[in-house]
Amino acid sequence: MARVGQGAAHEGVGPGGGRGAFGSQHKKRNRPKRSRRSPEQVVRDLEAQIEELRLKAHKTRSFSPDQVRAEIARLELTVAEYAELMEVSQATLARWMKQETRPRGRNLDRWFALQGVTREEARSALGL
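Counting with our numbering, you get residues 13 to 140 for the letters of the sequence shown.
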C-alpha cells in the first residue's frame, strides 16, 4: 500500500527514496577542463586585452581643434612649445587646429596622454 502523497512508482524504494545517503542524486557536471596557462601566455592574453581596450578608447574619445587650443591655454604654452611637447612640427599642429588633418596612431596616443599633465610637468618636460 502506498503512503499518502506517494505514487506507485515509489513503492519498494528504500529509505531516502533510493537517492543515496544524502537524499539527492549528485551528478557530475560536464564542464570543459581548463588548461593551465603559463605566465607568458597570461601576459600575452593581457597585452591583447589592453590593445583591444586601447582601440576601443580611440573610438569613444573625441579630438577637436578647440580641445587643442584649450590645452595650450591650460598649460600656458605657446603653439611652438605645445608642438614640441607633442613631438610634432608646428605645421602639423597648425593643420590639426585648422581641421585639415587629425592626429592618428602614436600622435593620438600622445595627445590623450598629455590631457592629464600639469603645467609644471609640461614645463619640466620641455626644460623650461
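Just so you know, even glycine gets a beta-carbon here, dropped at the ideal spot from N, CA and C. These numbers come from a predicted model, not from an experiment.
Nearest-angstrom Cα separation, counted from residue j out to residue i
{"i": "R114", "j": "T104", "result": "9 Å"}
{"i": "E52", "j": "R86", "result": "42 Å"}
{"i": "W123", "j": "Q102", "result": "14 Å"}
{"i": "R135", "j": "K110", "result": "25 Å"}
{"i": "S140", "j": "F75", "result": "The displayed chain sequence assigns Leu, not Ser, to residue 140. Their Cα atoms are separated by approximately 27 Å."}
{"i": "A92", "j": "R116", "result": "20 Å"}
{"i": "E63", "j": "V129", "result": "23 Å"}
{"i": "V54", "j": "R66", "result": "18 Å"}
{"i": "Y94", "j": "I84", "result": "6 Å"}
{"i": "R81", "j": "Q61", "result": "33 Å"}
{"i": "E133", "j": "A106", "result": "23 Å"}
Option nearest residue i by Cα separation, candidates the options
{"i": "Q127", "options": "L58, Q53, L67 and Q79", "result": "Q79"}
{"i": "E112", "options": "A137, E63 and P77", "result": "P77"}
{"i": "D121", "options": "R49, S50, A60 and K68", "result": "K68"}
{"i": "A137", "options": "W108, A106 and L89", "result": "L89"}
Short Cβ contact (9 Å threshold) for residue i with residue j
{"i": "E99", "j": "N119", "result": "yes"}
{"i": "R49", "j": "D57", "result": "yes"}
Three-way DSSP call (helix, strand, coil) for residue i in this model
{"i": "L97", "result": "helix"}
{"i": "S50", "result": "coil"}
{"i": "T90", "result": "coil"}
{"i": "N42", "result": "coil"}
{"i": "V129", "result": "coil"}
{"i": "Q79", "result": "helix"}
{"i": "G139", "result": "coil"}
{"i": "R66", "result": "helix"}
{"i": "T104", "result": "helix"}
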